[in-house]
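Trainee: My questions all concern the structure below.
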Amino acid sequence: MRIATWNVNSIKQRQEHAVAWLQETKPDVVCLQEIKCVDEAFPREAFEALGYNVAVHGQKGFNGVAVLSRLPFDEVTSGLPGDDGDVQSRFIEVVVSTSEGVLRVCGIYLPNGNPVDTEKYPYKLGWMKRLKAHIASRLSYEEPFVVCGDYNVIPAPEDAAHPEAWVNDALFLPQTRAAFREILNLGMVDALRTTTDAAGLYSFWDYQAGAWQRNNGIRIDHLLLSPQATDRLRAVGIDKDVRGWEKPSDHVPVWAELALKA
DNA sequence: ATGGTGGGTGGCCCA
């Protein structure tokens, strides 16, 4: 079972890329972020034609998350618990049944948090606190469970080509990294980092200043695994070549292969 | 070097 995450930066702009990438890599479950459209405008037919079930939690213009799955959804819920006043569409959770039991997947678009001297940074930290509480609650189920998406967190200096450029940024501030570590300390495992300590593995390159051409990247798209999912982890990858396609997203897909038969 | 680029919207915000 291959589970992938990809911030597409507008599904309308990236529909053809998404179809080509799905046909090439055939993931079983895909979490998409920054779809930037309302539910009704999501091009679900394009993905249904490839055999995917589609769950969407959209929003006009900004944010928006979706899940594509070859297996039917047993459950779909959206909205991160803990703040009824939060109207931003950044969280969706699904459950599918494999031949070896259930798999729970949360797709997240964690707030960016910049500029840090505005209300945006406390919103990010509050969102991370709510995410931690939700994950803690789900871990009690003792299921294979994956929380993947655009975390907008650079976990460590080796996850940036130029870490010194990020020291005052919401993606790398000590408080941000500490909040991310608190989630790991619950028992969640960073799929990529548990398989390699290599530096220079990135998932995002800014559109500006030739960041892609200079390989000035950061690793901010992550798959965090419950202990029961970690036990089944077989491979992790970053589909870096997608960043070199015509009119790309600024993020590329990241995926994990779990030993779970559909 | 306080710009640069690319997505949304609607007469600027967000990343």
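Going by UniProt numbering, the first sequence opens with residue 1, and the numbers climb by one from there.
All C-beta atoms in this analysis are idealised placements derived from N, C-alpha and C, irrespective of residue type, glycine included.
All values reported here derive from a predicted model rather than from experimental measurement.
1. Roughly how many angstroms lie between the CA atoms of residue 238 and residue 220, to the nearest whole one?
2. Quick check on the burial criterion: 16 or more other C-beta atoms within 10 angstroms. Buried or exposed for residue 124?
3. Report yes if the CB atom of residue 211 is closer than 9 Å to the CB atom of residue 217, and no otherwise.
4. In whole angstroms, what separates the C-alpha of residue 99 from that of residue 161?
5. By a C-beta neighbour count over all protein chains shown, 10 Å radius and 16 as the cutoff for buried, is residue 152 buried or exposed?
6. To the nearest angstrom, report how far apart residue 109 and residue 17 are at their CA atoms.
7. How long is the line joining the alpha carbons of residue 145 and residue 103, rounded to whole angstroms?
8. Kindly provide the ranges of any alpha helix (DSSP H) runs that are 4 or more residues long and lie completely inside the stretch 156 to 228, ordered along the chain.
9. For residue 63, which of 236, 33 and 6 has the nearest alpha-carbon?
10. Check whether the Cβ atoms of residue 69 and residue 38 lie closer than 9 Å to each other.
11. Answer yes or no: do residue 30 and residue 22 have a C-beta to C-beta separation smaller than 9 Å?
12. So what does residue 145 bridge to, in DSSP terms?
13. Please report the Cβ distance between residue 150 and residue 206, rounded to the nearest whole angstrom; I am assuming they are in contact, meaning their Cβ atoms lie under 8 Å.
14. Tell me the rounded alpha-carbon separation between residue 3 and residue 165.
Mentor: Judging by the given coordinates:
1. So the alpha carbons of these two residues sit roughly 12 Å apart.
2. Buried, because 16 or more other Cβ atoms sit within 10 Å of the Cβ of residue 124.
3. Taking a C-beta distance under 9 Å as the contact criterion, residue 211 and residue 217 qualify as a contact pair.
4. Spanning the two alpha carbons is a distance of roughly 41 Å.
5. That one is buried.
6. Distance between the alpha carbons of residue 109 and residue 17: 20 Å.
7. In this structure, the alpha-carbon of residue 145 lies about 6 Å from that of residue 103.
8. Within the stretch 156 to 228, the complete alpha helix (DSSP H) runs of at least 4 residues fall at 174 to 185.
9. For residue 63, the closest alpha carbon among the candidates 236, 33 and 6 is that of 33.
10. No. Outside cutoff.
11. Contact annotation: residue 30 and residue 22 have beta-carbon atoms nearer than 9 Å.
12. According to the DSSP secondary-structure assignment, residue 145 is paired through a beta bridge with 104.
13. Not really, about 14 Å apart at Cβ, beyond 8 Å.
14. About 31 Å.
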